[in-house]
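Beneath this line is the structure, given in structure tokens, with notes to follow.
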Amino acid sequence: MQTEVLMMWLAVSAYALSAILFVFGAVFRAEKLLSIGLWTAAAGLVPHIAGIALRWQAVGHGPFLGFYEVVSSYAFLAVIALVALALWRRPLQVLGVGVVPVALLMLGGAMLAPRSPLEISAKLASWWLTIHVAFAKLSYTSFIAAAALGLVFIIRERRKEGSDSGLLAKLPSQAVLDDVSFRLVGVGFVFLSIMIVAGAIWANEAWGRYWAWDPIETWSLISWIVYAIYLHLRLTMGWRGRKAATYAVIALPVMVFTLIGVPVVYNSIHGAYLTGY
Amino acid sequence: MLRRALRFLESPRLAIVLLVYLASASAIATMAAQGAQRSAVYSAWYFVGPALLLLGSTAACAMRRTRVSAARLKQVRALEPETAARLARQRGRDVGTAQGEGSLGAAAVALRELGFRQARVQGRVVVAQSSAWALMASPVFHWLLVSLLIVVLFGRMARAEGLMGVPVGGERPNIAASYGVIDAGALYRWPSAPLRIAVPSFEVDYVSDGIDRGPTPFVKLLSADGSVLAAGKVYPNNALTHNGVMIHASDYGLSPKISLVTPGGEVVATQQLIADFDPNAALRIAPAETVLTDAAGKASVRLSVQLYPERRSGRVVKLVPKSPKALLVATDAENGSELGRATVTRGGALQLEQGSVRFDSVGYYARISVVDDRSVGALYFLFFAAIAASAVALLTTPRFAVVAVDEAGVVRVHVRFYRPSAVTPADVYDALRSVLGGDGQQGEGAVDAD
Ligand code: HEM
């Protein structure tokens, strides 16, 4: 427990430092600072994963029960996604200006939440749960990355042709951003389908019903439809560029509401992963 | 008329409008309504109607797109070298000059690397196409969605689910009368040779793998003639299943056993009743009621059996009492007048004119949830098939290309993407230019969505 908390605070410190570097780097257009910020955030991943692993070992289950575990794991995935995108196309590291402060707030908030472990109950003891949770995380990460690329696309589009400042000019072309954002939505959609199906099968194994219009079930279906609409607008109505990017950005809050808002707003048997049993 | 209906259903706008409507209606329902009222929204006409329209629309779309994709696949496969060469000449771009025999082979290899999986050299042309999977995945996916919706729809109607109480040591036939609560769909048929559900043993607290599984009955599913079809401990995530019948443990309670004894001491009837722990009355267990029938088969006495619960340090525990005690109240089944009452311990009896009612023993009963839904297997299969098809559809890009060498040795290529992708026609030209070492003109190629 002691080591775990220490590791987590080390990660918080690294992200805090990285956030400062990113903000200064962006304000003063200093690419060097952005790079240092990126590596600082990447360094923070090491104590962060160590903290998650220690917790996993201590409580005997993955990071999916309770606010502390869930939110900290999403902060981890957000930073991983940033580092992956930056490794793929270095200029994308500028996304850190948005991602790292958010990850910092998430992890900081998680550290301040109660950390007492929640037990795996008989209802939760299922392989389907593992699949359900793993794909939920993968799909949310994909949608977050798609929205982030959409945001970059829109910001760049707003500046007039040819007036890209140093940082933006180095990004991949708008066409590539547009396509990658679409691919990420596509991959996220497939992951989301797997998550919903694993959840339905698990519900059937646990309760004998695969679908009961529980608020969280319903909201995950709504998010699925929201992204199916995106795919249709793009593939059948020819939405590209700014329109598609705007949609990817606006769709994200629906997803976030499903994950964090629904367990809080509705009193559902399903919200236990955030609010406890 | 039919054609116009089809045209309407095939419209991509309609699909989007319906999807937006269903998402909004679901969202509003989760906020506006509660409990049963909420689930009623999802079976109301303004939800089911548009969902059925979407089903029709998806089927219409899938049909049209199957035809289009199959035609494309066939068209390219059947492309004659002369036609292909003409296509490249008329619509293609110049990408360089052939450097001898190997040029077309090298072009085919380059095309394969760019995702044109089936690239074949025929004389002086290369015809290349993405795999059949890439072309057919999207229509297949939409067909799977249609099947999924139909299976869900019919599955719901042909499904029965209910709760029955089975005394430990006893069994119940799987017929409507065995259930306390039953919800059978309009198309559900009760089997002519019903299964039997037996509960030979029960544990109030079963622990396995270090996890407390809670109250756990051991359940046996028997065929009508008594052979065991399935058996096992039933706890969360460990249901007992057999051919679409799925058994979960829902709850448990007590089961008092009583007998009707003649004045001569002969037992004429024995019954195992079901009594629930009453969450509202901390003192007593809800009474179990039964109508006792005498030897002539006429209903005569209505009996209520009320058990006193076990208490540990002043608190009621959900266990069989160590020294069970029951309040027996007999009333006339016709006019309701009381015939007698007595508080008795195990083995004690309430004396009546016709004989006596004896409180034999008390054990547990398991409340079993039985779901009979044959559609679940098909549903699981369709889930996975649909996910696989959507993954293929989203990760591939259907495309085709022809490369031809004319008499002067000039290589021309015509590329067509049926959907925009990260690889553009310009990338194809560049790749071919680099394998040919040429420097033909720049070009755009065709990209379209359907
Ligand atoms: C239950 C309703 C529907 C859902 C959930 C759905 C979902 C999807 C998804 C996930 C995709 C992207 C993957 C792929 O290319 O197959 C897609 C593509 C597509 N859908 Fe649907 N769809 C539905 C109904 C419809 C309907 C009614 C139409 C007819 C207008 C339609 C026409 C299309 C077309 C044309 C594409 C593009 C295919 C391509 O570019 O190759 N869909 N749909």
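Residue numbers (the working numbering), protein chains in the order written: chain A, 4 to 280; chain B, -1 to 448. Ideal placement from N, C-alpha and C gives every residue a C-beta, glycine not left out.
Selected residue, minimal CA-CA separation from residue i, among the options
| i | options | result |
| --- | --- | --- |
| F200 of chain B | B:R365, B:E8, B:A27 and B:M29 | B:R365 |
| A132 of chain B | B:L317, B:A117 and B:L393 | B:L393 |
| L141 of chain A | A:A254, A:F260, A:D182 and A:L80 | A:L80 |
| A429 of chain B | B:Q35, B:F114 and B:P48 | B:F114 |
| T6 of chain A | A:V257, A:P50 and A:H64 | A:P50 |
| V368 of chain B | B:L305, B:V164, B:T260 and B:G100 | B:V164 |
| T239 of chain A | B:F6, B:L4 and B:P10 | B:P10 |
| F194 of chain A | B:A420, B:A76 and B:I385 | B:I385 |
| Q73 of chain B | B:Q120, B:A420 and B:F398 | B:F398 |
| L20 of chain B | A:M258, A:L36 and A:W222 | A:W222 |
| G178 of chain B | B:G338, B:D274 and B:K231 | B:D274 |
| S302 of chain B | B:A331, B:V318, B:L12 and B:A229 | B:A331 |
| L9 of chain A | A:R186, A:G111, A:G202 and A:S129 | A:G111 |
| F450 of chain B | B:A182, B:A76, B:A25 and B:L227 | It is not possible to answer for residue 450 of chain B, since the shown part of chain B is limited to -1 through 448. |
Burial state of residue i, where buried means 16 or more other Cβ atoms lie within 10 Å
| i | result |
| --- | --- |
| K320 of chain B | exposed |
| L281 of chain B | Its pLDDT being 42, under 50, L281 of chain B is placed unreliably in this model, and the coordinates cannot settle the point. |
| A17 of chain A | buried |
| H240 of chain B | exposed |
| V124 of chain B | buried |
| N207 of chain A | buried |
| W188 of chain B | exposed |
| N172 of chain B | buried |
| T268 of chain B | exposed |
| Q440 of chain B | A caution first: Q440 of chain B carries a pLDDT of 45, below 50, which makes its placement in the model too unreliable to give a value. |
| R162 of chain A | exposed |
| G353 of chain B | buried |
| V433 of chain B | buried |
| W205 of chain A | buried |
Distance, residue j Cα to residue i Cα
| i | j | result |
| --- | --- | --- |
| A245 of chain A | V155 of chain A | A small correction: the amino acid at residue 245 of chain A is Arg; Ala does not occupy that position in the sequence shown. Spanning the two alpha carbons is a distance of roughly 10 Å. |
| F138 of chain A | W131 of chain A | 11 Å |
| R1 of chain B | L143 of chain B | 23 Å |
| H246 of chain B | E160 of chain A | 57 Å |
| W227 of chain A | S76 of chain A | 22 Å |
| A23 of chain B | A38 of chain B | 12 Å |
| L151 of chain B | S145 of chain B | 10 Å |
| A149 of chain A | L234 of chain A | 13 Å |
| G47 of chain B | G153 of chain B | 18 Å |
| V243 of chain B | A69 of chain B | 44 Å |
| G103 of chain B | A402 of chain B | 12 Å |
| P322 of chain B | P192 of chain B | 35 Å |
| G215 of chain B | L238 of chain B | Here residue 215 of chain B turns out to be Pro, not Gly, going by the sequence shown. Using only the alpha carbons, I get a separation of about 11 Å. |
| I199 of chain A | L224 of chain A | 8 Å |
| L109 of chain B | S145 of chain A | 30 Å |
| T28 of chain B | R36 of chain B | 7 Å |
Collapsed DSSP secondary structure at residue i in the structure displayed
| i | result |
| --- | --- |
| I173 of chain B | coil |
| Y233 of chain B | strand |
| H64 of chain A | coil |
| Y244 of chain A | Contrary to the premise, residue 244 of chain A reads as Gly rather than Tyr in this sequence. Helix, per DSSP. |
| A144 of chain A | Here the sequence assigns Thr to residue 144 of chain A, which means Ala is not the residue at that position. Looking at T144 of chain A - three-state DSSP - the assignment turns out to be helix. |
| V193 of chain A | helix |
| S432 of chain B | helix |
| K72 of chain B | helix |
| D207 of chain B | coil |
| L90 of chain A | helix |
| G251 of chain B | strand |
| G167 of chain B | coil |
| A280 of chain B | Confidence in A280 of chain B is poor, its pLDDT being 44 and thus under 50, which makes the residue's placement unreliable; the coordinate value appears in the next sentence. Three-state result, A280 of chain B: coil. |
| R110 of chain B | helix |
| A3 of chain B | helix |
| V318 of chain B | coil |
Checklist entry - Using a beta-carbon distance cut-off of less than 7 Å, what residues from the stretch 35 to 48 of chain B approach chain A? => result Per Cβ criterion, the list reads R36, S37 and Y40.
Checklist entry - If you measure beta-carbon to beta-carbon, which residues of the stretch 223 to 250 of chain B are closer than 7 Å to chain A? => result Under the 7 Å Cβ criterion, the stretch 223 to 250 of chain B contributes Y233, P234, N235, A237, M244 and H246.
Item to check | Residues of the stretch 14 to 31 of chain B whose Cβ lies closer than 8 Å to any Cβ of chain A, in chain order | outcome: I14, L17, V18, L20, A21, S24, A25, A27 and T28
Checklist entry - Listed in chain order, which residues of the stretch 385 to 411 of chain B have Cβ atoms closer than 8 Å to some Cβ of chain A? => result I385, S388, A389, L392 and L393
Item to check | Positions along the stretch 184 to 210 of chain A whose CB lies within less than 8 Å of some CB in chain B | outcome: R186, G189, V190, F192, V193, S196, I197, V200, A203, I204, W205, N207, E208, A209 and W210
Next on the checklist: Counting only Cβ-Cβ distances shorter than 9 Å, please list the residues of the stretch 321 to 343 of chain B near chain A, keeping chain order.
Outcome noted: none
Checklist entry - Of the residues that make up the stretch 344 to 372 of chain B, which ones have a beta carbon closer than 7 Å to any beta carbon in chain A? => result Listed by position along the chain: S367 and V369.
Item to check | the stretch 147 to 172 of chain B: positions lying closer than 9 Å to chain A by Cβ | outcome: V150 and E159
Checklist entry - What residues from the stretch 62 to 85 of chain A come within 8 Å of chain B, judged by C-beta to C-beta, listed N to C? => result none
Next on the checklist: Against chain B, which members of the stretch 85 to 107 of chain A pass a CB distance test of less than 7 Å?
Outcome noted: When CB distances to chain B are screened at a threshold of 7 Å, not a single residue of the stretch 85 to 107 of chain A falls below it.
Next on the checklist: Using a Cβ-Cβ cutoff of 9 Å, what residues of the stretch 408 to 433 of chain B are near chain A? List them in chain order.
Outcome noted: R417, P418, S419, A420 and T422
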